[in-house]
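K.L.:
Quick one: this structure, given as structure tokens, is what I'll be asking you about.
Protein chains: 2
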Amino acid sequence: MPRLKANTSTCSVARALELLGDRWSFLLIREVIFGTRRFDDFAAHLGIARNVLAAKLAALVDAGILEQRPLHQDARRLGYHLTEMGDGLLPAMVALLQWGDRWLQTPDTVPLRIVERATGAELPPVQLLDHAGQPLTRRELDWAPGPGAGDPGIAPLVAAYEKQRRVVPRPIPPAPTAIPRPNAKGKPR
Amino acid sequence: MPRLKANTSTCSVARALELLGDRWSFLLIREVIFGTRRFDDFAAHLGIARNVLAAKLAALVDAGILEQRPLHQDARRLGYHLTEMGDGLLPAMVALLQWGDRWLQTPDTVPLRIVERATGAELPPVQLLDHAGQPLTRRELDWAPGPGAGDPGIAPLVAAYEKQRRVVPRPIPPAPTAIPRPNAKGKPR
DNA sequence: CAGTATCCAGTTTGATACTG
DNA sequence: CAGTATCAAACTGGATACTG
Numbered sequence: 002m003p004r005l006k007a008n009t010s011t012c013s014v015a016r017a018l019e020l021l022g023d024r025w026s027f028l029l030i031r032e033v034i035f036g037t038r039r040f041d042d043f044a045a046h047l048g049i050a051r052n053v054l055a056a057k058l059a060a061l062v063d064a065g066i067l068e069q070r071p072l073h074q075d076a077r078r079l080g081y082h083l084t085e086m087g088d089g090l091l092p093a094m095v096a097l098l099q100w101g102d103r104w105l106q107t108p109d110t111v112p113l114r115i116v117e118r119a120t121g122a123e124l125p126p127v128q129l130l131d132h133a134g135q136p137l138t139r140r141e142l143d144w145a146p147g148p149g150a151g152d153p154g155i156a157p158l159v160a161a162y163e164k165q166r167r168v169v170p171r172p173i174p175p176a177p178t179a180i181p182r183p184n185a186k187g188k189p190r
Numbered sequence: 002m003p004r005l006k007a008n009t010s011t012c013s014v015a016r017a018l019e020l021l022g023d024r025w026s027f028l029l030i031r032e033v034i035f036g037t038r039r040f041d042d043f044a045a046h047l048g049i050a051r052n053v054l055a056a057k058l059a060a061l062v063d064a065g066i067l068e069q070r071p072l073h074q075d076a077r078r079l080g081y082h083l084t085e086m087g088d089g090l091l092p093a094m095v096a097l098l099q100w101g102d103r104w105l106q107t108p109d110t111v112p113l114r115i116v117e118r119a120t121g122a123e124l125p126p127v128q129l130l131d132h133a134g135q136p137l138t139r140r141e142l143d144w145a146p147g148p149g150a151g152d153p154g155i156a157p158l159v160a161a162y163e164k165q166r167r168v169v170p171r172p173i174p175p176a177p178t179a180i181p182r183p184n185a186k187g188k189p190r
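This is the structure:
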């Protein structure tokens, strides 16, 4: 596959998409989250071809997102479970589901709600929060080069982003309090 | 393709994936979030073929995720911007990026960090929170049929999930001696 | 610039049949 | 059950050249 040749991409989103950016992988993970464990159940729920299913499951196991462990109901058989790595996808998955509920459904077509087990209350929307727990909007975000920004594979991109960042006019945030940083960057010209 | 024929899927994740479940759409949105606006810049940054790029952009505009508006720098030209709907993908996008940073990179290969504009601090990990702002794990979640659960297209599935839910043993969450701690974080490595 | 128009190779997918 | 094997068909994506 001319897939973004594994691990050559430097952007984390791109790398994630190397694993998940196809028609089925995300849905399989959704299934596992919802408790599906067995081959034929995946096949039945999703209507995916069996050979494709086998390949996708193998790829997800291979990537470390799923693993096979004995089933609780029948310890002689194996079922697919999330690894810790796979579990880490939960926020992204829920965010995507909520987005779909919000923008691709009408209020009365939402088929499944995610609730807190303890209270039965519907899960609040996943949000971007600052360190004080306050919601952040896109305009309050920025990005900065990370440790790997110098990698030849991405340095040009980072440079381009830096330029865009300088070019695009952005409102200065209301920063009434002290400025802990010695040099404020991104001086708009 | 027998793509999950648009809007026939009932699951919100599946619907979202009808729009975004390919190799490029998510990356295009990432680009827009990072400030890319112009056709040739997308092409240069991603190395995507021009015809494919045109098709994907059109599809995203069509879906209501992107729209064309005059550029700030040159009001005679149009550039791609996020709509409110597209903006709503931000939590999912950031969650995915953070997941990639955590699981697909080493600490020194992370190319871009997302930071708060006001403070320069790196964004905390996107988490699932309950209504009190406390982090939730997967075991503390459950799901329940939504208003659209009766739809013939999904009713069997919901029934299957209901059954799984009853079968799979799940621990009761520890009794919450909830203390309103203002901040909870967790980014191991 | 910002796309279109062609052409084509390589992949992904589904249907089906088969095995342990 | 849980896959594997095979095959044809559908589709995606890339290269390139062209247009307003």
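Protein chains in written order, with our numbering: chain A, 2 to 190; chain B, 2 to 190. Glycine included, C-beta positions come from ideal geometry on N, C-alpha and C. Small disclaimer: the values here were computed from a predicted structure and weren't measured.
Which chain A residues are close to B:Glu117, counting only those with a beta carbon under 9 Å from its beta carbon?
P.N.:
Here the neighbours are Asp131, His132, Leu137, Glu141, Leu142, Asp143, Pro174.
K.L.:
Could you tell me which residues DSSP puts in a beta bridge with A:Pro136?
P.N.:
Looking at the DSSP assignment, A:Pro136 forms a beta bridge with A:Leu130.
K.L.:
DSSP on A:Phe40, reduced to helix/strand/coil?
P.N.:
Helix.
K.L.:
Chain B partners of A:Ile49, CB-CB under 9 Å?
P.N.:
Ordered by position in chain B, no residue passes the 9 Å Cβ test against A:Ile49, which lies about 10 Å from the chain.
K.L.:
Pairs of beta-carbons, one from the stretch 91-111 of chain B and one from the stretch 53-61 of chain B, closer than 8 Å: are there three or more?
P.N.:
Not touching, per the Cβ criterion.
K.L.:
Please list, in chain order, the residues of the stretch 65-78 of chain A that have any C-beta partner in chain B closer than 7 Å.
P.N.:
Per Cβ criterion, the list reads His73, Gln74.
K.L.:
Tell me whether B:Val111, by its Cβ, gets closer than 7 Å to a heavy atom of the ligand FAD.
P.N.:
Inclusion of the ligand FAD in the displayed structure is not the case, the ligand content being empty and no account of it being possible.
K.L.:
Suppose you measure from the CA of A:Asp63 to the CA of B:Asp75; what does that come to, to the nearest Å?
P.N.:
Looking at the two C-alpha atoms, the distance is approximately 48 Å.
K.L.:
If I measure Cβ to Cβ from B:Leu137 and keep anything under 6 Å in the same chain, skipping five residues before and after, which residues do I get?
P.N.:
The answer, listed in chain order, is Leu129, Asp131.
K.L.:
From what residue to what residue does the alpha helix (DSSP H) around A:Gln99 run?
P.N.:
Its alpha helix (DSSP H) spans residues 91-104.
K.L.:
With DSSP run on the structure shown, which of helix, strand or coil describes B:Asp63?
P.N.:
It is helical.
K.L.:
Report the partner residues of A:His82 according to the DSSP bridge assignment.
P.N.:
Its beta-bridge partners are A:Glu68.
K.L.:
Please determine if the stretch 31-44 of chain A and the stretch 80-88 of chain A are in contact, where contact requires at least 3 C-beta pairs separated by less than 8 Å.
P.N.:
Yes: at least three Cβ pairs fall under 8 Å.
K.L.:
My guess is that A:Leu28 and B:Ala145 are in contact by the Cβ rule of under 8 Å, so how many angstroms apart are they, rounded?
P.N.:
Wrong, their Cβ atoms sit about 20 Å apart, outside the cutoff.
K.L.:
Drop a sphere of 10 angstroms on the beta-carbon of B:Asp102, count the other beta-carbons inside from all chains shown, and report buried for 16 or more, exposed for fewer.
P.N.:
B:Asp102 should be labelled buried.
K.L.:
Grab me the residues of B:Glu123's own chain with a C-beta within less than 6 Å of its C-beta, minus the 5 sequence neighbours each way, in chain order.
P.N.:
Once the five neighbours on either side are set aside, the close Cβ partners of B:Glu123 are Arg114, Val116.
K.L.:
Helix, strand or coil, according to DSSP, for B:Asp143 in the structure here?
P.N.:
Here B:Asp143 sits in strand by DSSP.
K.L.:
Please decide whether A:Lys6 counts as near chain B, where near means a Cβ-Cβ distance under 8 Å.
P.N.:
Confidence is the limiting factor: at A:Lys6 the pLDDT is only 45, short of 50, which leaves the residue's position unreliable, though a coordinate-based value still follows. No, A:Lys6 does not count as interfacial toward chain B.
K.L.:
Would B:Pro71 be called buried (16 or more neighbouring beta carbons within 10 Å of its own) or exposed?
P.N.:
Exposed is the call here.
K.L.:
From the beta carbon of A:Phe43, is the nearest beta carbon of chain B less than 8 Å away?
P.N.:
It does not: the Cβ of A:Phe43 has no partner Cβ on chain B nearer than 8 Å.
K.L.:
What's the call for B:Leu21, buried or exposed, on a 16-neighbour Cβ count within 10 Å?
P.N.:
So B:Leu21 ends up on the buried side.
K.L.:
Please confirm if B:Val111 has its CB atom under 8 Å from at least one CB of chain A.
P.N.:
It does; some Cβ of chain A falls within 8 Å.
K.L.:
Only counting the same chain, and skipping five residues up and downstream in sequence, which positions put a Cβ closer than 7 Å to that of A:Gln99?
P.N.:
Pro126, Val127.
K.L.:
How many Å lie between A:Ala60 and A:Leu91 at the Cα?
P.N.:
If you take the alpha carbons of A:Ala60 and A:Leu91, they lie about 19 Å apart.
K.L.:
Among A:Leu18, A:Gln69, A:Ala93, which residue has its Cα nearest to the Cα of A:Thr84?
P.N.:
Among A:Leu18, A:Gln69, A:Ala93, the Cα nearest to that of A:Thr84 is on A:Gln69.
K.L.:
I need the straight-line Cα distance from B:Ala119 to A:Arg166, nearest angstrom please.
P.N.:
B:Ala119 and A:Arg166: Cα-Cα distance of roughly 15 Å.
K.L.:
Please name the residue, chosen from A:Tyr162, A:Glu32, A:Gly154, A:Trp104, that lies closest to B:Ala17 on a Cα-to-Cα basis.
P.N.:
Taking only the C-alpha atoms, the option nearest B:Ala17 is A:Trp104.
K.L.:
Have a look at B:Cys12 and B:Leu67 and give me their C-alpha separation to the nearest angstrom.
P.N.:
B:Cys12 and B:Leu67: Cα-Cα distance of roughly 23 Å.
K.L.:
Kindly give me the distance between the Cβ atoms of A:Met86 and A:Ile30, rounded to whole angstroms, as I take these residues to be in contact under 8 Å.
P.N.:
In fact, because the Cβ distance is near 11 Å, the residues do not count as touching under 8 Å.
K.L.:
Taking the C-alpha atoms as reference points, what is the distance between A:Asp23 and B:Asp23?
P.N.:
Their Cα atoms are separated by approximately 5 Å.
K.L.:
With a threshold of 16 other CB atoms inside 10 Å of the CB of A:Gly121, please say whether the residue is buried or exposed.
P.N.:
Looking at its Cβ environment, which holds fewer than 16 other Cβ atoms inside 10 Å, A:Gly121 is exposed.
K.L.:
What number of angstroms, rounded off, separates the C-alpha of A:His157 from the C-alpha of A:Gly149?
P.N.:
The displayed chain sequence assigns Pro, not His, to residue 157 of chain A. A:Pro157 and A:Gly149: Cα-Cα distance of roughly 12 Å.
K.L.:
Listing by chain order, which chain A residues have their CB less than 9 Å from the CB of B:Val159?
P.N.:
Chain A residues near B:Val159: Pro112, Leu113.
K.L.:
Please state the DSSP three-state secondary structure of B:Ala122.
P.N.:
The answer is coil: DSSP assigns B:Ala122 none of H, G, I, E or B.
K.L.:
From the beta carbon of B:Gly80, is the nearest beta carbon of chain A less than 8 Å away?
P.N.:
False, the Cβ-Cβ gap to chain A never drops below 8 Å.
K.L.:
A:Ala45 and A:Arg51: beta carbons closer than 8 Å?
P.N.:
Cβ distance not < 8 Å, so A:Ala45 and A:Arg51 don't count as in contact.
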